[in-house]
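A quick write-up on the structure given underneath.
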Amino acid sequence: KKKKKERKKEKRKKERKKERKKERNKSSEEKKNEEH
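Following the UniProt record's numbering, the numbering of the sequence shown begins with 1 at its first residue and continues without gaps.
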């Protein structure tokens, strides 16, 4: 059984990963647009 604090940390980690992925997608989209 995990402590509440640890679970919160895990959740935050996942959220951060998602955010980073989104950011990367956005920047790659912009690059694509610049090429055209």
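A virtual CB, placed ideally from N, CA and C, is assigned to each residue, including glycine. A quick note: this is a predicted structure, and the numbers were derived from the prediction, not measured.
Ordered along the chain, which non-local residues of its own chain (more than five positions away) have a Cβ less than 8 Å from that of residue i?
{"i": "Arg20", "result": "none"}
{"i": "Lys11", "result": "none"}
Starting from the C-beta of residue i, find all residues in its chain whose C-beta is less than 6 Å away, skip the five residues before and the five after it, and write them out in chain order.
{"i": "Lys26", "result": "none"}
Inset, instruction - Write down every uninterrupted run of the alpha helix (DSSP H) in the UniProt region "Disordered" (1–36) whose length is 4 residues or greater and which is fully enclosed by it, in chain order. - result: Listed in chain order, they are 4–35.
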